[in-house]
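A.B. asks:
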Amino acid sequence: MQIHISSDGLPIFQQIVDQIRYRIAAGQLSGGDELPTIRGLAESLKVNPNTVARAYRELETQGLVEKRRTTGTFVAQQAQQRSAAQRKQLLQPLLQQLIVESRHLGFSIDDVVDQLRKRDQQIPSMENRS
Amino acid sequence: MTDHPSASCAIDVHRLSRTFRGVQALRDVNLQVPTGSVFGLVGLNGAGKTTLIRHLIGSLRALHGGVRVFGLDPVLDATSVLKRVGYLTEEDSLPKWMRVGEFIDFHRSIYPNWDDGYARRLCEMFNLSSATQLRSLSKGQRARVGLLVAIAHRPDLLILDEPSSGLDPIARSDILEAIIRTISDEGRTVLFSSHLLDEVGRVCDTIALMHEGTICEMVDVPSLHDRYVEVICRSEPDNPLPPDWRSAFGWQLSGAEWSAVVERENSRSESEPDDLHVIDRRPVSLDRWFAARTRSPSTAVTP
């Protein structure tokens, strides 16, 4: 996996989590796909294997991947196990940040919704995967 | 294995001090490196890192204090210690008149655990041919030869003293990969001394910071962000002194804003000064933590 690690202060395990989450959201990884082994990913990214293990644990806690005994780590079949209320709550801080930024930059909420829709169409979705 | 009594500690340094011509290079250093860890050693030039490492490989004898590697004295038990240690330094000190093959054969004859297959694979991976003279290799290629002979006997302890200085990114990346491979084999230990903090932050699980001959702090890398936060705040007009806040250290002034590193634990017990105008709190980077610990406040005030 071509994961990019930068040294700007965001913990490395978080960067790995974010980029795997993106791949799952964009349908590049789908239910049942196998993730690289911890050791394999650590070697290719040149990061401590414990860091990769921590990222995988975090993804597991979030219900996005599952460990199968002795075989490896796989993308979970149903990635969506949280309730609607929980999911909404997780989205709140990001919405707030987006709204604050947009106001500072002088965009109306309609502009923002418009741009969100356009951007959404550019990111391939899980369902439309060929 | 029967020859290392303190199995949980690959390196055990106890109250080690060293003076060279009246200059104190090490003062009362205590260091325990647990087996299986990737241990980073960072510090400014002249902080004592190389002097400490030279005690570990037995090229300096401990005059004050004690040094044990796998429970053994690296000077008295040099043979037993060194056959389990791989060592790579920044010095471009390979015998340049030798050919790659001769140099490898020489090391193979020293180490009983030499792994021929592994050495061959490394040669292929690094694109090294045994007929080439070390003299005619680039600096990066010579570093790879040094790396090969440091790891082909699959050492229990790999010591890297500034191995990446002056090397190109690909050669540095090969060194990092060797570190990851080494520790992926259960129970092997790496001591990695470097100025390249992003490399140290990527591969190490624990970092010791050396300053003026002592180890002034040890951090567990994954918990750095839980332990510290960087705080940015506005300075009082016409006041050249940083805010009076004991939990904060490493104050740096830039324009009208101060930056400091704050230990979260302390800042909970001590309340922030009333007149502090905080602008931002952000995750502390390893670079910021390092600068906060090593830079003296007087030199930090450079507008």
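Going down the list, the protein sequences come from chains D and V. So the first sequence is numbered by our numbering: it starts at 1 and just counts up by one. So the second sequence is numbered by our numbering: it starts at 1 and just counts up by one. All residues carry an ideal CB built from backbone N, CA and C; glycine is no exception. Given the structure is predicted, the values throughout are model-derived calculations rather than measurements.
Give, in chain order, every residue of the stretch 198-210 of chain V whose Cβ lies closer than 9 Å to some Cβ of chain D.
C.D. replies: Asp-198, Glu-199, Gly-201, Arg-202, Val-203, Cys-204 and Asp-205
A.B. asks: Mind the definition here: the stretch 93-107 of chain D touches the stretch 58-71 of chain D only if three or more C-beta pairs lie below 8 Å; say whether that holds.
C.D. replies: With a cut-off of 8 Å, the stretch 58-71 of chain D and the stretch 93-107 of chain D do not count as touching, because too few Cβ pairs lie within range.
A.B. asks: Does the beta carbon of Pro-222(V) sit closer than 8 Å to a beta carbon anywhere in chain D?
C.D. replies: As a first step, residue 222(V) must be located in the second sequence, where it is residue number 222. Output row for Pro-222(V): interface = yes.
A.B. asks: Which whole runs of the beta strand (DSSP E) in the stretch 172-202 of chain V are 3 residues long or more, in chain order?
C.D. replies: 189-193
A.B. asks: Counting only beta-carbon atoms, is Leu-98(D) nearer than 8 Å to chain V?
C.D. replies: The residue labelled residue 98(D) in the question sits at position 98 within the first sequence. Output row for Leu-98(D): interface = no.
A.B. asks: In whole angstroms, give me the CA-to-CA distance for Gln-133(V) and Phe-103(V).
C.D. replies: Against the second sequence, residue 133(V) aligns to sequence position 133. Against the second sequence, residue 103(V) aligns to sequence position 103. About 10 Å.
A.B. asks: Among the residues of its own chain, which have a CB less than 8 Å from the CB of Phe-290(V), if the five just before and after it don't count?
C.D. replies: Sequence index remark: in the second sequence, residue 290(V) carries index 290 (1-based). Excluding sequence neighbours, Phe-290(V) sits near Val-42, Leu-197 and Leu-209.
A.B. asks: Using 8 Å as the cut-off, can you tell me whether the stretch 230-237 of chain V makes contact with the stretch 268-288 of chain V, which would need three or more C-beta pairs spanning the two stretches below that distance?
C.D. replies: yes
A.B. asks: Taking the alpha-carbon positions, what's the Thr-189(D) to Asn-50(D) distance?
C.D. replies: Residue 189(D) is absent from the structure shown; chain D starts at 1 and stops at 130.
A.B. asks: Which residue's Cα is closest to the Cα of Val-200(V): Gly-72(D), Glu-66(D) and Ile-12(D)?
C.D. replies: As a first step, residue 200(V) must be located in the second sequence, where it is residue number 200. Comparing Cα-Cα distances from Val-200(V) to each of Gly-72(D), Glu-66(D) and Ile-12(D), the minimum goes to Ile-12(D).
A.B. asks: Return the chain-ordered ranges of every beta strand (DSSP E) run that is complete within the stretch 59-101 of chain V and spans a minimum of 3 residues.
C.D. replies: 64-69 and 85-89
A.B. asks: Starting from Phe-39(V) and walking both ways along the alpha helix (DSSP H), at which residues does that stretch end?
C.D. replies: The residue you call residue 39(V) lines up with position 39 of the second sequence. Premise fails: Phe-39(V) lies in the beta strand (DSSP E), 38-43, not in any alpha helix (DSSP H).
A.B. asks: Can you give me the start and stop residues for the beta strand (DSSP E) that Asp-161(V) sits inside?
C.D. replies: Here residue 161(V) refers to the residue found at position 161 of the second sequence. Run containing Asp-161(V): 157-161, per the beta strand (DSSP E) assignment.
A.B. asks: Under 8 Å between beta-carbons, which chain V residues line up against Pro-49(D)? List them in chain order, please.
C.D. replies: Against the first sequence, residue 49(D) aligns to sequence position 49. Ile-180, Ile-183 and Ser-184, listed in chain order.
A.B. asks: Could you have a look at Thr-51(V) and say whether DSSP puts it in helix, strand or coil?
C.D. replies: Counting from 1 along the second sequence, the entry for residue 51(V) is found at position 51. Helix.
A.B. asks: Hey, quick one: how far does the beta strand (DSSP E) through Met-355(V) stretch, first residue to last?
C.D. replies: Residue 355(V) is absent from the structure shown; chain V starts at 1 and stops at 303.
A.B. asks: Check the C-beta distance from Gly-101(V) over to His-153(V) and give it rounded, since I have them as a contact under 8 Å.
C.D. replies: Within the second sequence, numbered from 1, the residue matching residue 101(V) stands at position 101. Within the second sequence, numbered from 1, the residue matching residue 153(V) stands at position 153. With 8 Å as the limit, Gly-101(V) and His-153(V) do not qualify as a contact, their Cβ atoms being about 17 Å apart.
A.B. asks: Do Arg-99(V) and Ser-138(V) have their CB atoms nearer than 8 Å?
C.D. replies: The sequence position of residue 99(V) within the second sequence is 99, counting from 1. The sequence position of residue 138(V) within the second sequence is 138, counting from 1. No, they are not a contact pair.
A.B. asks: Looking only at C-alpha atoms, which of Arg-61(V), Cys-9(V), Asp-275(V) and Gly-40(V) sits nearest to Arg-18(V)?
C.D. replies: Stepping through the second sequence from its first residue, residue 18(V) is reached at position 18. Ranking Arg-61(V), Cys-9(V), Asp-275(V) and Gly-40(V) by Cα distance to Arg-18(V) puts Arg-61(V) first.
A.B. asks: Closer than 8 Å between beta carbons: that is the criterion. Which residues of the stretch 20-31 of chain D meet it against chain V?
C.D. replies: none
A.B. asks: Quick one: which chain V residues come within Cβ less than 7 Å of Arg-57(D)?
C.D. replies: In the first sequence, residue 57(D) corresponds to position 57, counting from 1. Those within 7 Å of Arg-57(D) in chain V number zero; the least Cβ separation is about 12 Å.
A.B. asks: Relative to the alpha-carbon of Ile-57(V), which residue among Ala-78(V), Met-218(V), Cys-9(V) and Asn-127(V) has its alpha-carbon at the smallest distance?
C.D. replies: Sequence index remark: in the second sequence, residue 57(V) carries index 57 (1-based). If we check each option's Cα against that of Ile-57(V), Ala-78(V) comes out closest.
A.B. asks: Distance, Cα to Cα, Met-1(D) vs Ile-175(V)?
C.D. replies: Counting from one through the first sequence, the residue named residue 1(D) turns up at place 1. Counting from one through the second sequence, the residue named residue 175(V) turns up at place 175. Rounded to whole angstroms, Met-1(D) to Ile-175(V) spans 21 Å at the Cα level.
A.B. asks: Measuring CB to CB, does Gly-213(V) end up less than 8 Å from Leu-26(V)?
C.D. replies: Within the second sequence, numbered from 1, the residue matching residue 213(V) stands at position 213. Within the second sequence, numbered from 1, the residue matching residue 26(V) stands at position 26. Yes; because the gap between Cβ atoms is below 8 Å, this pair is in contact.
A.B. asks: If contact means a Cβ-Cβ distance below 9 Å, which residues of the stretch 84-113 of chain D contact chain A?
C.D. replies: Checking the listed chains, one finds no chain A in this structure; the protein chains it contains are D and V.
A.B. asks: Only counting the same chain, and skipping five residues up and downstream in sequence, which positions put a Cβ closer than 8 Å to that of Tyr-228(V)?
C.D. replies: By one-based count along the second sequence, residue 228(V) stands at place 228. Within the same chain, Tyr-228(V) has close Cβ partners Val-261, Val-262, Glu-263, Arg-264, Val-284 and Trp-289.
A.B. asks: Ala-42(D) versus chain V: which residues are under 8 Å apart at the beta carbon?
C.D. replies: On the first sequence, position 42 is the one that residue 42(D) refers to. Correct list: Ile-180 and Ser-184.
A.B. asks: If Ala-119(V) sits next to Leu-148(V), beta carbons under 8 Å apart, how far is it from one beta carbon to the other, in whole angstroms?
C.D. replies: Along the second sequence, read from residue 1 onward, the residue named residue 119(V) stands at position 119. Along the second sequence, read from residue 1 onward, the residue named residue 148(V) stands at position 148. Sure, about 6 Å apart at Cβ, within 8 Å.
A.B. asks: Since Leu-116(D) meets chain V, which of its residues come closer than 8 Å, beta carbon to beta carbon?
C.D. replies: The residue given as residue 116(D) occupies position 116 in the first sequence. Those do not exist, as Leu-116(D) stays about 26 Å from chain V at its closest Cβ, beyond 8 Å.
A.B. asks: Short of 9 Å Cβ to Cβ, which residues in the stretch 259-288 of chain V face chain D?
C.D. replies: Arg-282, Pro-283, Val-284, Ser-285, Leu-286, Asp-287 and Arg-288
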